[in-house]
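Letter by letter, the sequence shown follows residues 163 to 301 in our numbering.
In what follows, a single structure is set out as C-alpha coordinates and then discussed.
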Amino acid sequence: DTVEQRLAQILRELGMREQTIGYQCALLTVCLYRETNGASITKIIYHSVAQQLNSEGGNVERNMRYAVHRAWDKCDKAVLARYFGEARAQDKEPPSNRELCAALGVSPTGSLPPVTGQPVLFANAAGTALRIANSSRDK
(Lines of atoms letter the chains of each structure in order from A and count residues from 1; the text may use other names and numbers.)
(Lines give C-alpha, C1' and ligand atoms only; values in the text may rest on other atoms or scores of the structure.)
Protein backbone atom coordinates (compact mmCIF):
# COMPACT_ATOMS: atom_id res chain seq x y z
CA ASP A 1 0.00 0.00 0.00
CA THR A 2 1.08 3.56 -0.65
CA VAL A 3 1.11 6.18 2.09
CA GLU A 4 -2.01 7.78 0.65
CA GLN A 5 -3.85 4.45 0.50
CA ARG A 6 -2.89 3.65 4.08
CA LEU A 7 -3.98 7.09 5.32
CA ALA A 8 -7.28 6.71 3.44
CA GLN A 9 -7.77 3.33 5.10
CA ILE A 10 -7.10 4.84 8.54
CA LEU A 11 -9.59 7.68 7.96
CA ARG A 12 -12.24 5.14 6.94
CA GLU A 13 -11.38 3.03 9.99
CA LEU A 14 -11.93 6.13 12.13
CA GLY A 15 -15.41 6.39 10.63
CA MET A 16 -14.99 9.08 7.98
CA ARG A 17 -17.04 8.46 4.86
CA GLU A 18 -15.23 8.73 1.53
CA GLN A 19 -18.05 10.56 -0.20
CA THR A 20 -17.89 13.55 2.15
CA ILE A 21 -15.88 16.68 1.48
CA GLY A 22 -14.55 16.52 5.05
CA TYR A 23 -12.92 13.17 4.29
CA GLN A 24 -11.33 14.60 1.15
CA CYS A 25 -10.09 17.64 3.08
CA ALA A 26 -8.69 15.44 5.85
CA LEU A 27 -6.94 13.09 3.43
CA LEU A 28 -5.39 15.90 1.41
CA THR A 29 -4.38 17.80 4.55
CA VAL A 30 -2.78 14.82 6.32
CA CYS A 31 -0.95 13.77 3.14
CA LEU A 32 0.41 17.26 2.57
CA TYR A 33 1.28 17.69 6.27
CA ARG A 34 3.27 14.45 6.08
CA GLU A 35 4.90 15.34 2.78
CA THR A 36 5.98 18.79 3.99
CA ASN A 37 7.25 17.48 7.35
CA GLY A 38 4.67 19.40 9.33
CA ALA A 39 4.43 22.72 7.48
CA SER A 40 2.06 25.35 8.85
CA ILE A 41 -1.47 24.04 8.48
CA THR A 42 -3.16 27.44 8.46
CA LYS A 43 -0.63 29.34 6.36
CA ILE A 44 0.32 26.72 3.77
CA ILE A 45 -1.60 23.47 3.83
CA TYR A 46 -5.23 24.64 4.01
CA HIS A 47 -4.61 27.03 1.14
CA SER A 48 -2.92 24.36 -0.98
CA VAL A 49 -5.79 21.94 -0.34
CA ALA A 50 -8.34 24.67 -1.06
CA GLN A 51 -6.72 25.35 -4.45
CA GLN A 52 -6.98 21.66 -5.32
CA LEU A 53 -10.66 21.58 -4.32
CA ASN A 54 -11.55 24.98 -5.81
CA SER A 55 -12.48 26.25 -2.38
CA GLU A 56 -11.12 28.49 0.39
CA GLY A 57 -8.81 27.69 3.28
CA GLY A 58 -11.52 28.40 5.86
CA ASN A 59 -13.84 25.92 4.16
CA VAL A 60 -11.15 23.23 4.21
CA GLU A 61 -10.57 23.80 7.93
CA ARG A 62 -14.29 23.73 8.77
CA ASN A 63 -15.08 20.64 6.65
CA MET A 64 -12.14 18.74 8.11
CA ARG A 65 -13.03 19.78 11.67
CA TYR A 66 -16.61 18.63 11.18
CA ALA A 67 -15.44 15.25 9.82
CA VAL A 68 -13.04 14.81 12.75
CA HIS A 69 -15.78 15.65 15.28
CA ARG A 70 -18.27 13.22 13.70
CA ALA A 71 -15.68 10.45 13.51
CA TRP A 72 -14.60 11.00 17.13
CA ASP A 73 -18.20 10.80 18.36
CA LYS A 74 -18.99 7.59 16.47
CA CYS A 75 -15.70 5.67 16.41
CA ASP A 76 -14.93 2.70 18.65
CA LYS A 77 -12.63 3.75 21.50
CA ALA A 78 -10.26 0.84 20.78
CA VAL A 79 -9.70 2.16 17.26
CA LEU A 80 -9.14 5.68 18.58
CA ALA A 81 -6.65 4.34 21.14
CA ARG A 82 -4.66 2.65 18.38
CA TYR A 83 -3.93 5.97 16.71
CA PHE A 84 -4.17 8.52 19.54
CA GLY A 85 -3.28 6.57 22.67
CA GLU A 86 -5.52 5.18 25.38
CA ALA A 87 -5.76 8.36 27.46
CA ARG A 88 -6.62 10.58 24.47
CA ALA A 89 -9.18 8.07 23.18
CA GLN A 90 -11.16 8.40 26.42
CA ASP A 91 -11.33 12.19 26.08
CA LYS A 92 -14.73 13.41 24.91
CA GLU A 93 -13.14 16.39 23.15
CA PRO A 94 -12.01 15.42 19.62
CA PRO A 95 -8.50 16.26 18.45
CA SER A 96 -7.87 19.46 16.54
CA ASN A 97 -7.08 19.21 12.85
CA ARG A 98 -3.41 19.76 13.69
CA GLU A 99 -3.48 16.95 16.28
CA LEU A 100 -5.04 14.61 13.71
CA CYS A 101 -2.32 15.50 11.21
CA ALA A 102 0.39 14.97 13.81
CA ALA A 103 -1.04 11.63 14.90
CA LEU A 104 -1.56 10.26 11.39
CA GLY A 105 1.06 12.17 9.44
CA VAL A 106 4.05 11.05 11.48
CA SER A 107 4.38 7.38 12.27
CA PRO A 108 6.52 6.61 15.32
CA THR A 109 5.88 2.89 14.83
CA GLY A 110 6.91 2.95 11.19
CA SER A 111 3.55 1.46 10.21
CA LEU A 112 3.23 3.87 7.30
CA PRO A 113 5.66 3.54 4.40
CA PRO A 114 8.19 6.36 4.15
CA VAL A 115 7.42 9.26 1.84
CA THR A 116 9.40 8.96 -1.39
CA GLY A 117 9.47 12.67 -2.18
CA GLN A 118 7.08 12.17 -5.08
CA PRO A 119 4.07 14.51 -5.33
CA VAL A 120 0.88 13.26 -3.73
CA LEU A 121 -1.49 11.92 -6.40
CA PHE A 122 -5.04 10.72 -5.87
CA ALA A 123 -8.61 11.47 -6.93
CA ASN A 124 -11.13 13.72 -5.23
CA ALA A 125 -14.76 12.75 -4.59
CA ALA A 126 -15.70 13.62 -8.17
CA GLY A 127 -12.96 11.35 -9.52
CA THR A 128 -10.81 14.26 -10.72
CA ALA A 129 -7.11 13.57 -10.36
CA LEU A 130 -5.44 15.85 -7.84
CA ARG A 131 -1.75 16.61 -7.52
CA ILE A 132 -0.08 18.47 -4.72
CA ALA A 133 3.47 19.43 -5.54
CA ASN A 134 6.14 19.42 -2.87
CA SER A 135 6.23 22.73 -1.04
CA SER A 136 8.81 24.24 1.22
CA ARG A 137 8.35 24.09 4.98
CA ASP A 138 6.90 27.20 6.63
CA LYS A 139 9.65 29.13 8.40
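C-beta atoms are modelled at their ideal positions from N, C-alpha and C, and glycine is treated no differently.
Are the stretch 175-185 and the stretch 239-254 touching by the rule of at least three beta carbon pairs closer than 8 Å? yes
Separation of R232 from R179, as counted between CA atoms: 10 Å
Indicate whether I207 and T182 have their beta-carbon atoms separated by less than 8 Å. no
Could you give the DSSP three-state label for N216: helix, strand or coil? coil
Rounded C-beta distance between L169 and C187? I'm assuming under 8 Å. Going by Cβ atoms, the distance from L169 to C187 rounds to 13 Å, so no, they are not a contact pair.
For A212, which residues from the same chain have a beta carbon less than 6 Å from its beta carbon, with the 5 sequence-adjacent residues on both sides left out? E218, G219 and V222
Could you check if E255 is buried or exposed, using at least 16 other CB atoms within 10 Å of its CB as the buried criterion? exposed
From T204 to L189, what does the alpha carbon distance come to, in whole angstroms? 16 Å
Same chain, Cβ closer than 6 Å to L262, neighbours up to 5 away in sequence not counted: V230
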